[in-house]
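Residue numbers (our numbering), protein chains in the order written: chain H, 1 to 175; chain S, 1 to 144.
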């Protein structure tokens with residue numbers, strides 16, 4: 001891992017962005033990305049840790065975290081002609097989509113963390129969309145959903161202007 | 001155009017204002033004491049909310065002052081109906097882009113439409129009416 005530089009001061013929320021990768025088979029560049037979060041005021045990636053808690057015969061408590069089931073709730077997504085991600089969600093809802101139809105790829109970018117060439121720290125990961133409420137409230141047609149992240153994160157960097165994603169070099173140890 | 005320019009233009013386009021103004025523009029921060037005249041005052045702009053991309057929903061507050069004829073109950077009732085109908089009309093304005101910088105007009109509504117004070121010693125000198133107007137607009141962030 002190279003040397004990373006953090007921006008001075010507190011990182012602003014808008015400096016961490018989640019993008020939907022429109023075409024999972026194409027290069028990850030700006031034209032293939034749609035940012036998520038228009039009109040959303042809270043969109044945390046929840047860790048959802050798997051825990052194990054035991055008390056031994058001596059009365060000592062033991063607590064282990066054995067893994068994470070990360071997820072991200074997106075509420076609301078307003079259906080809009082300007083937002084292709086909202087159109088995807090609308091179509092998934094319309095189709096009562098299941099199984100592999102709900103797999104999408106996401107790109108998460110930390111604009112506040114840069115390498116020595118000015119590229120942003122980023123990763124891609126697959127997510128499964130769990131549909132939520134549709135058309136609640138009076139402010140337009142909106143939906144909610146939760147993205148359950150699955151598989152490994154592929155870490156890398158994103159170019160600040162082209163948003164081209166380049167994975168970190170993978171080195172294999174010869175056995 | 002700014003949200004102030006936008007609302008001034010929209011109010012000028014309101015058909016019933018045109019009838020009263022006979023082609024004149026709405027004054028800004030000034031109302032001629034002679035009936036019938038209208039002035040639009042900006043009374044502040046505030047941030048309502050901001051999404052996590054940095055897009056802002058803002059609200060601009062206006063007060064529209066109008067000096068109307070007030071010879072008798074009939075003219076005063078007509079003035080009150082004018083303010084009521086203006087409020088309805090404002091609520092029907094559609095979304096529209098073009099607000100500087102990177103803004104979109106979202107909606108407007110009115111409140112506190114009332115007769116404030118007579119303009120002279122005689123009621124026939126006209127009455128100053130006030131209607132508060134709120135305009136909500138969205139400002140897109142500069143992007144990622």
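Glycine included, every Cβ here is placed at the ideal spot set by N, Cα and C.
Query: Residues of chain S with a CB under 7 Å from the CB of residue 40 of chain H: which are they?; Result: 51 and 52
Query: Alpha carbon to alpha carbon, what distance is there between residue 120 of chain H and residue 155 of chain H?; Result: 11 Å
Query: Between the alpha carbons of residue 53 of chain H and residue 158 of chain H, how many angstroms are there, rounded?; Result: 39 Å
Query: Return the residue from the list H:26, H:138, H:74 and H:62 that minimises the CA-CA distance to residue 46 of chain H.; Result: H:74
Query: Return the residues of the region 52 to 85 of chain H that lie within a Cβ-Cβ distance of less than 7 Å from chain S, sorted by chain order.; Result: none
Query: What number of angstroms, rounded off, separates the C-alpha of residue 48 of chain H from the C-alpha of residue 70 of chain H?; Result: 6 Å
Query: If we cut at 8 Å on Cβ distances, does residue 119 of chain S have a partner in chain H?; Result: no
Query: Could you confirm whether any beta carbon from chain S is found closer than 8 Å to the beta carbon of residue 13 of chain H?; Result: yes
Query: Over what stretch of residues does the alpha helix (DSSP H) that includes residue 97 of chain H continue unbroken?; Result: No alpha helix (DSSP H) holds residue 97 of chain H; DSSP gives it neither H nor E.
Query: Grab the span of the alpha helix (DSSP H) containing residue 3 of chain S for me, first residue to last.; Result: 3 to 13
Query: Shorter than 8 Å from the beta carbon of residue 72 of chain S to some beta carbon of chain H?; Result: no
Query: Taking the beta carbon of residue 59 of chain H as the centre, do at least 16 other beta carbons fall within 10 Å, making it buried, or is it exposed?; Result: exposed
Query: Thinking C-alpha only, which one of H:114, H:163 and H:24 is nearest residue 126 of chain H?; Result: H:24
Query: Using a Cβ-Cβ cut-off of 8 Å, state whether residue 47 of chain S counts as contacting chain H.; Result: no
Query: Any idea what DSSP makes of residue 129 of chain H, helix, strand or coil?; Result: strand
Query: Do residue 132 of chain S and residue 108 of chain S have their beta-carbon atoms positioned less than 8 Å apart in this structure?; Result: no
Query: Going along the chain, which residues of its own chain have a beta-carbon closer than 6 Å to the beta-carbon of residue 3 of chain S, five neighbours each way excluded?; Result: 60, 99, 135 and 137
Query: Quick check: residue 109 of chain H and residue 17 of chain H, are their CB atoms within less than 8 Å of each other?; Result: yes
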